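Single-structure report; data block below.
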Amino acid sequence: MASAVDASGNPIPTSAVLMASSKHIGIRCYAENLEFLKCKKKDQNPEKCLDKGRDVTRCVLGLLKDLHQKCTKEMDDYVGCMYYHTNEFDLCRKEQEAFEKKCSLE
Amino acid sequence: MTEALIRKKPGMASVKDMPLLQDGPPPGGFAPARFARRIPNSGPSALFMFLTTFGAFSWGMYQVGQGNKIRRALKEEKYAARRAILPVLQAEEDERFVREWHKYLEYEADVMKDVPGWKVGESVYHSGRWVPPASSELRPEVW
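Quick mapping for you: the protein sequence lines, in order, are chains A and B. Note that this note's numbering numbers the first sequence so that position 65 is 58, with each residue one more than the last. Note that this note's numbering numbers the second sequence so that position 63 is 156, with each residue one more than the last.
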């Protein structure tokens, strides 16, 4: 994998990128996630929760783009480390600290 | 024969009267050898040994507990990350599924158009819940 962004500068939501930004997603997109999960709990049919799903996707992709613009190098380092160590948090502590320091500690 | 010539004593009638040639103790006997047990009663007492063992065991179990706490924290971090990204992944999969499902319903309507009383896409179950489709037709590129 060459980089975390595609041609137009949007971060591709691969597992490394998502796991790297999971703390930020868990805090900034908490409301959308909760609404989506409540809808799913009510009815498992995918067609019924499409709108809430779109809210979630919009929130997360916007957040990834925002994070990448604010701290490009730290995020790229952290994502690269996650990719190398297959999403093992304990092996990427240094990069995680740098990323969280630069990009608004949650 | 030569033994009799060497060890003879005058007036000996047969070989059986030869003087003795034996390996024996030195004159005055050997020095006395101690063979009695002498295990001392010194060293740590039973209570001290028990307390030391119990202390070492307790400290070890405490370290085990601390290690488990650390491991549980690491696992919790991983699970929290998975919980945070679960909705995005599910939403993406839902979009993909709905697109494929509509294509399949069109195909089903086309196939069953001459069958009277056929409701396209109706559930085969009576529970009223939505059940994921059981056929593997939806992802032909995987199989």
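The C-beta atom is built at its ideal place from N, Cα and C for all residues, glycine as well. Here the structure is a predicted model, which means the values were calculated and not measured.
Residue i Cβ short of 6 Å to the ligand HEM heavy atom set
| i | result |
| --- | --- |
| residue 64 (chain A) | With respect to the ligand HEM, the structure shown offers nothing to examine, as it has no ligands at all. |
Reduced DSSP category for residue i - H, G, I as helix; E, B as strand; rest coil
| i | result |
| --- | --- |
| residue 191 (chain B) | helix |
| residue -2 (chain A) | strand |
| residue 4 (chain A) | strand |
| residue 132 (chain B) | coil |
| residue 161 (chain B) | helix |
| residue 81 (chain A) | coil |
| residue 124 (chain B) | coil |
| residue 109 (chain B) | helix |
| residue 217 (chain B) | coil |
| residue 222 (chain B) | coil |
7 Å Cβ cutoff, residue i in contact with chain B
| i | result |
| --- | --- |
| residue 50 (chain A) | yes |
| residue 37 (chain A) | yes |
| residue 3 (chain A) | no |
| residue -2 (chain A) | no |
| residue 40 (chain A) | yes |
| residue 55 (chain A) | no |
Close Cβ partners of residue i (< 7 Å) along its chain, the five nearest in sequence each way excluded
| i | result |
| --- | --- |
| residue 25 (chain A) | 48, 49, 52 |
Cβ of residue i within 7 Å of any chain A Cβ
| i | result |
| --- | --- |
| residue 217 (chain B) | no |
| residue 191 (chain B) | yes |
| residue 223 (chain B) | yes |
Beta-carbon contacts of residue i that lie in its chain and below 8 Å, excluding the five residues immediately before and after
| i | result |
| --- | --- |
| residue 64 (chain A) | 92, 95, 96 |
| residue 145 (chain B) | 137 |
Cutoff 6 Å; reference residue i; Cβ partners in own chain excluding five residues on either side
| i | result |
| --- | --- |
| residue 205 (chain B) | 211 |
Using a Cβ-Cβ cut-off of less than 9 Å, list which residues of the region 146 to 171 of chain B approach chain A; keep chain order. Of all residues in the region 146 to 171 of chain B, 167, 170, 171 have a Cβ within less than 9 Å of some Cβ in chain A.
Touch test, the region 68 to 87 of chain A against the region 103 to 114 of chain B, Cβ-Cβ under 8 Å, three pairs minimum: Between the region 68 to 87 of chain A and the region 103 to 114 of chain B, the count of Cβ pairs shorter than 8 Å is below three; the stretches do not touch.
At least three beta-carbon pairs within less than 8 Å, the region 61 to 80 of chain A to the region -2 to 10 of chain A: Taking a cut-off of 8 Å for Cβ pairs, the region 61 to 80 of chain A and the region -2 to 10 of chain A touch, as three or more such pairs fall below it.
Of the residues that make up the region 71 to 97 of chain A, which ones have a beta carbon closer than 7 Å to any beta carbon in chain B? Look at the region 71 to 97 of chain A: the residues with a C-beta under 7 Å from a C-beta of chain B are 82, 83.
Contact residues within the region 172 to 188 of chain B, judged by C-beta distance below 9 Å to chain A: Hits within the stretch, in order: 173, 174, 175, 176, 177, 178, 179, 180, 181, 182, 183, 184, 185, 186, 187, 188.
When the Cβ atoms of the region 25 to 42 of chain A are set against those of the region 54 to 71 of chain A, are three or more pairs found closer than 8 Å? Too few Cβ pairs lie closer than 8 Å, so no.
Which of the residues in the region 8 to 19 of chain A, read from start to end, lie with their CB under 8 Å from any CB of chain B? Within the region 8 to 19 of chain A, the residues whose Cβ lies closer than 8 Å to some Cβ of chain B are 11, 12, 15, 16, 18, 19, listed in chain order.
May I ask you to verify whether the region 151 to 169 of chain B touches the region 181 to 190 of chain B, counting CB pairs closer than 8 Å and requiring at least 3? With a cut-off of 8 Å, the region 181 to 190 of chain B and the region 151 to 169 of chain B do not count as touching, because too few Cβ pairs lie within range.
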